[in-house]
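Trainee: Just so we're aligned, residue 146 is where the sequence shown starts under my numbering, counting upward by one. Positions of the beta carbon are idealized from the N, C-alpha and C atoms, including for glycine. A quick note: this is a predicted structure, and the numbers were derived from the prediction, not measured.
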Amino acid sequence: METISRYRQIITRVLSDLAEASARDDVEVLPLFDVAHDNYLLIDAGWRGVRRIHHIIAHLESVAEFPELFYVRSIPPETAAEGLTNRLPGA
Numbered sequence: 146m147e148t149i150s151r152y153r154q155i156i157t158r159v160l161s162d163l164a165e166a167s168a169r170d171d172v173e174v175l176p177l178f179d180v181a182h183d184n185y186l187l188i189d190a191g192w193r194g195v196r197r198i199h200h201i202i203a204h205l206e207s208v209a210e211f212p213e214l215f216y217v218r219s220i221p222p223e224t225a226a227e228g229l230t231n232r233l234p235g236a
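(1) Output the boundary residues of the beta strand (DSSP E) element that contains Arg-196.
(2) Measuring CB to CB, does Tyr-185 end up less than 8 Å from Ile-156?
(3) How would you write the range of the beta strand (DSSP E) that Asp-179 sits in, first residue to last?
(4) Report, in whole angstroms, the separation of the C-beta atoms of Val-174 and Leu-187, which I expect to be a contact under 8 Å.
(5) Quick check: Ile-202 and Asp-183, are their CB atoms within less than 8 Å of each other?
(6) Could you say which of Glu-210, Asp-170, Gly-194, His-200 lies nearest to Leu-177 if we only look at CA atoms?
(7) By Cβ distance, which residues of its chain are closer than 8 Å to Arg-279, with the 5 residues on each side in sequence left out?
(8) By the 10 Å Cβ neighbour count, where 16 or more other Cβ atoms means buried, how is Phe-211 classified, buried or exposed?
Set out below in C-alpha cells:
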C-alpha cells in the first residue's frame, strides 16, 4: 500500500506542476484528481476566439486487478517530451 500512496503523490504533483507550467491567458490547464477511483487527468479548457478548447492532455488510472500499476490512457508526445513519463517511477 505504501507504493500506491507514493505513486498517487507523484502523479498529483507532476500533473499539478505541468498545469502550473502550462498556464495561458486564453486557456486554463486543469489537473483533475479522482482519488477514490484512481483517475488522474490534465485537461485544457477555454476559448480561442469563438472556438471552444477542451482536450485531455494526460489521463492515468490504476489497474483494478493490480492496484500498484497505473495505466497511461493518454499522453500526447509533446506532453511526454515535457517529462511526464520520465518523472513517473517505472515509466
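Mentor: By the coordinates alone:
(1) Reading the sequence shown from its first residue, position 51 is the one you call residue 196. Start and end: 196-208.
(2) On the sequence shown, position 40 is the one that residue 185 refers to. On the sequence shown, position 11 is the one that residue 156 refers to. Contact annotation: Tyr-185 and Ile-156 have beta-carbon atoms nearer than 8 Å.
(3) Counted from its first residue, the sequence shown places residue 179 at position 34. Start and end: 172-179.
(4) The residue given as residue 174 occupies position 29 in the sequence shown. The residue given as residue 187 occupies position 42 in the sequence shown. 7 Å between Cβ atoms; contact.
(5) As a working note, residue 202 is residue 57 in the sequence shown. As a working note, residue 183 is residue 38 in the sequence shown. No. Outside cutoff.
(6) For the purposes of this step, residue 177 is taken as residue 32 along the sequence shown, with counting starting at 1. Considering only alpha carbons, the answer is His-200.
(7) It is not possible to answer for residue 279, since the shown part of the chain is limited to 146 through 236.
(8) Residue 211 sits at position 66 when you count from the first residue of the sequence shown. Counting every other CB atom within 10 Å of its CB across the protein chains shown gives Phe-211 a total below 16, marking it as exposed.
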